[in-house]
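In the order they appear, the protein sequences are chains A and B. Count along the first sequence starting at 1, add 4, and that's the number in my numbering. Count along the second sequence starting at 1, add 3, and that's the number in my numbering. Beta carbons: idealized from backbone N, C-alpha and C, even for Gly. Single-structure report; data block below.
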Amino acid sequence: MMWQNYGLGGTVSKSTENTRLWQTEKGNVEIGKNTLAIQVILHDHVRGYIFHGHGRLLLDTIVETKEGAVGTPVEKEIDDPFIMLGNAERTGQNLNSASAEDLAEAGYPDSREFVAKGEELLNRFSKKGRIRYHGCSCDGDGLIFAFENEGGNLDLLLANDAEVVYKAMDTVFISNRAKTILKSCDFVCISNGKSVIVKR
Amino acid sequence: MSDDIKEEMKKLKEEMAGLKEELREMRKTEGERRRAIHVDVGDRVHDYVEDIMEGVAEGIHGELEKCIFIGPRGVRITKGEEPFREEVTQVNFPKAAEVMSALGQEHRLKILKELMSGGKYINELQEQLSEITTSTLSSHLKVLEESGLVVQEKVRGRYLITMPGRVAYIMAGRVVRFLERGNQQ
Numbered sequence: 005m006m007w008q009n010y011g012l013g014g015t016v017s018k019s020t021e022n023t024r025l026w027q028t029e030k031g032n033v034e035i036g037k038n039t040l041a042i043q044v045i046l047h048d049h050v051r052g053y054i055f056h057g058h059g060r061l062l063l064d065t066i067v068e069t070k071e072g073a074v075g076t077p078v079e080k081e082i083d084d085p086f087i088m089l090g091n092a093e094r095t096g097q098n099l100n101s102a103s104a105e106d107l108a109e110a111g112y113p114d115s116r117e118f119v120a121k122g123e124e125l126l127n128r129f130s131k132k133g134r135i136r137y138h139g140c141s142c143d144g145d146g147l148i149f150a151f152e153n154e155g156g157n158l159d160l161l162l163a164n165d166a167e168v169v170y171k172a173m174d175t176v177f178i179s180n181r182a183k184t185i186l187k188s189c190d191f192v193c194i195s196n197g198k199s200v201i202v203k204r
Numbered sequence: 004m005s006d007d008i009k010e011e012m013k014k015l016k017e018e019m020a021g022l023k024e025e026l027r028e029m030r031k032t033e034g035e036r037r038r039a040i041h042v043d044v045g046d047r048v049h050d051y052v053e054d055i056m057e058g059v060a061e062g063i064h065g066e067l068e069k070c071i072f073i074g075p076r077g078v079r080i081t082k083g084e085e086p087f088r089e090e091v092t093q094v095n096f097p098k099a100a101e102v103m104s105a106l107g108q109e110h111r112l113k114i115l116k117e118l119m120s121g122g123k124y125i126n127e128l129q130e131q132l133s134e135i136t137t138s139t140l141s142s143h144l145k146v147l148e149e150s151g152l153v154v155q156e157k158v159r160g161r162y163l164i165t166m167p168g169r170v171a172y173i174m175a176g177r178v179v180r181f182l183e184r185g186n187q188q
């Protein structure tokens, strides 16, 4: 699947209730009621959404070792627009058409402004990021999130039921059922539940 | 065998026995000579021995400081200069006071002990610490979390002891054992 052929839908929607976009025992991403949404379309199929409203990311970037736990959880309020690719059909069930008032509440004079903002974000994600997603497949249960960070770049979260890859400004966290790797500014921790390497 | 030959063999045996005895005496004398160190220090034997022992002690102390770091989890042997020496002697007093304050409560130490065996939910901790209320337990957990000895998972909500938490708990136990041993002596 080639993300370079993406496009955005023309209709802006909003969430009808608080919605969990992703949830496992490691973390979750949720959006609040009335969050604006626009479809990300590829070959006439909805592949994801760009959201703008009140969202929240929780991710337990903690490595459990025999020597004690390492790392602190990520708890991030997401008030800027962000991308979600995958799980589009189920997410669409909780969306309704947004009104001009809804757009105004989020700071957009009209829907074109929101579409333009979404295009700019998707453009940065697919072309200007350090990681290129032109060959990325999102047909399975996997999800890709891209959140704007304080440094003006994108924090990436790739997740499915069992695996998580999170890359932020100062943290890289990779976890599956068997192993976990956490890299922060001042240490790297690798754990398979038994051994650990911590390097300062 | 003729009598002459018999006589000759008897003499040889006696001579051999004599040589063996001589050899044994020589070995004994040589051994004593090797074991003894003869030092002519005149009348100042005491001062001389003290000087030597002082030098040896200084040398051992220096080498120990250079190459062995005795940490909370045992002895770590390093090559060359000890990189942890400065870390050991330099203390961030406000942070140290905060950590010690967090440790300075019996129930908080009990919480750390419970978490040493793995992450636990608050209700599991409550079962083990039934003498305190849930709100008191939450308050203790908050103190431990703020001092970095415990971390709580945001999603599942379990409490986990951190690496510093384990070290602090073990150190507390060791200090107490040292003190108790000192009192006994």
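Next on the checklist: Distance cutoff 7 Å, beta carbons only. Does Leu162/A sit that close to anything in chain B?
Outcome noted: no
Next on the checklist: Just to confirm my understanding: we take Ala105/B, look at its own chain, exclude 5 residues before and 5 after, and list those with CB closer than 7 Å. What are they?
Outcome noted: Arg111, Val146, Leu147, Ser150 and Leu152
Next on the checklist: Please return the same chain residues whose Cβ sits closer than 6 Å to the Cβ of Phe177/A, not counting the five positions on each side in sequence.
Outcome noted: Thr65, Tyr170 and Leu186
Next on the checklist: For Val109/B and Asp159/A, what's the separation of their Cα atoms in angstroms?
Outcome noted: The sequence shown places Glu at residue 109/B, not Val. Between Glu109/B and Asp159/A, the C-alpha separation is close to 42 Å.
Checklist entry - Which value, in whole angstroms, describes the spacing of the CA atoms of Ser101/A and Thr20/A? => result 9 Å
Checklist entry - Comparing alpha-carbon positions, which option in Thr165/B, Glu18/B, Asn186/B and Gly176/B lies nearest Gly107/B? => result Gly176/B
Next on the checklist: Give me, in chain order, the residues of the same chain whose beta-carbon lies closer than 8 Å to that of Gly111/A; leave out the 5 immediate sequence neighbours on both sides.
Outcome noted: none
Checklist entry - Are the C-beta of Arg169/B and some C-beta of chain A separated by less than 7 Å? => result yes
Item to check | Under 8 Å from the C-beta of Ile164/B: neighbouring residues of chain A | outcome: Gly72 and Ala73
Next on the checklist: On the DSSP bridge list, what partners appear for Asp48/A?
Outcome noted: Paired residue(s): none; Asp48/A is not in a bridge.
Checklist entry - How about His58/A and Gly36/A: are their beta carbons less than 7 Å apart? => result yes
Item to check | Among Phe129/A, Ala166/A and Ser17/A, nearest to Gln27/A - alpha-carbon criterion | outcome: Ala166/A
Checklist entry - Can you give the Cα-Cα distance for Asp83/A and Asp48/A, rounded to whole angstroms? => result 29 Å
Checklist entry - Roughly how many angstroms separate the alpha carbons of Ser141/B and Val119/A, rounded to a whole number? => result 46 Å
Checklist entry - Would DSSP call Thr165/B helix, strand or coil? => result strand
Item to check | Lys187/A in three-state terms, based on DSSP | outcome: strand
Item to check | Best match in Phe151/A, Ser188/A, Thr15/A and Lys183/A for proximity to Phe86/A [C-alpha to C-alpha] | outcome: Phe151/A
Next on the checklist: Just to make sure I have the definition right: I need the residues of chain B whose C-beta is within less than 7 Å of the C-beta of Thr76/A. Which are they?
Outcome noted: Val154
Next on the checklist: Please identify, using Cβ separations under 7 Å, the residues of the region 11 to 41 of chain A that lie next to chain B, in order along the chain.
Outcome noted: Glu29, Lys30, Gly31 and Asn32
Checklist entry - Which bits of chain A does Gly176/B rub up against, with CB to CB less than 8 Å? => result The contacting residues do not exist; Gly176/B stays about 15 Å from chain A at best.
Item to check | Where the beta strand (DSSP E) through Ile66/A begins and ends | outcome: Note, Ile66/A: premise wrong, no beta strand (DSSP E); not H, not E.
Next on the checklist: If you measure between the beta carbons of Arg60/A and Glu34/A, is that distance less than 7 Å?
Outcome noted: yes
Checklist entry - Is Val42/B buried or exposed, if buried means 16 or more other CB atoms sit within 10 Å of its CB? => result The pLDDT assigned to Val42/B is 42, lower than 50, so where the model puts this residue is not dependable; a value taken from the coordinates is nonetheless given after this. That one is exposed.
Item to check | Ala104/A to Val78/A span [Cα, whole Å] | outcome: 34 Å
Item to check | C-alpha gap between Lys69/B and Ile164/B, whole angstroms | outcome: Unreliable positioning characterises Lys69/B in this predicted model, as indicated by a pLDDT of 48, which lies under 50. A coordinate reading is not provided.
Item to check | Alpha-carbon spacing of Leu101/B relative to Leu118/B, whole angstroms | outcome: Checking the sequence, you will find Glu at residue 101/B rather than Leu. Glu101/B and Leu118/B: Cα-Cα distance of roughly 20 Å.
Next on the checklist: Does chain B have any CB closer than 7 Å to the CB of Ile135/A?
Outcome noted: Any answer about Ile135/A is weak, because its pLDDT of 44 lies below 50 and its placement is not dependable; what the coordinates show is given next. By this cut-off, Ile135/A is not an interface position.
Checklist entry - So, is the C-beta of Lys157/B closer than 7 Å to a C-beta in chain A? => result yes
Checklist entry - Would Glu79/A count as contacting chain B if we go by Cβ distances under 7 Å? => result yes
Checklist entry - So is Leu158/A in contact with chain B if we call contact Cβ pairs under 7 Å? => result no
Checklist entry - When we look at the beta-carbon of Lys183/A and count the other beta-carbons within 10 Å, is it buried (16 or more) or exposed? => result exposed
Checklist entry - How far does the beta strand (DSSP E) with Asn32/A in it reach, from first residue to last? => result Gly31 to Ile35
Checklist entry - Using a beta-carbon distance below 7 Å, is Asp190/A in contact with chain B? => result no
Checklist entry - Do you know how far the Cα of Lys121/A is from the Cα of Thr175/A? => result 27 Å
Checklist entry - According to DSSP, which residues form a beta bridge with Gly59/A? => result Ile35/A and Ile82/A
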